[in-house]
Amino acid sequence: MNFQNKVAGITGSTAGIGEAVAEQLHKHGAKVVIVSRSSEQAKQKAKRLSSLGTTSVGDRM
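Structure, rendered in structure tokens:
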């Protein structure tokens, strides 16, 4: 799969299935928008993914 130059918005992506989906899309080149009920958790997850290479942002929805 190639998700270069694509943006993926994933709700509930700080844990469970949403987290796994976010990680896989990120692994395949997508820019990931992490959305969660917890702003702090979303930002931490996005920071971790961004440290691996592709841009990610996170915030509360």
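Residue 27 in the UniProt record's numbering is what sits at position 27 of the sequence shown, and the numbering runs on without skipping anything.
Ideal Cβ placement from N, Cα and C applies to all residues, glycine included.
Just so you know, the alpha carbons of S36 and M1 end up roughly 25 Å apart.
Taking 8 Å as the upper bound for CB-CB distance, A20 and L49 are not in contact here, some 12 Å apart. Boundaries of the alpha helix (DSSP H) harbouring K27: G16 to K27, taken from the DSSP string.
Judged by their CB atoms, A15 and V32 are not nearer to each other than the 8 Å cut-off. Collapsing the DSSP output to three states places S39 in a helix.
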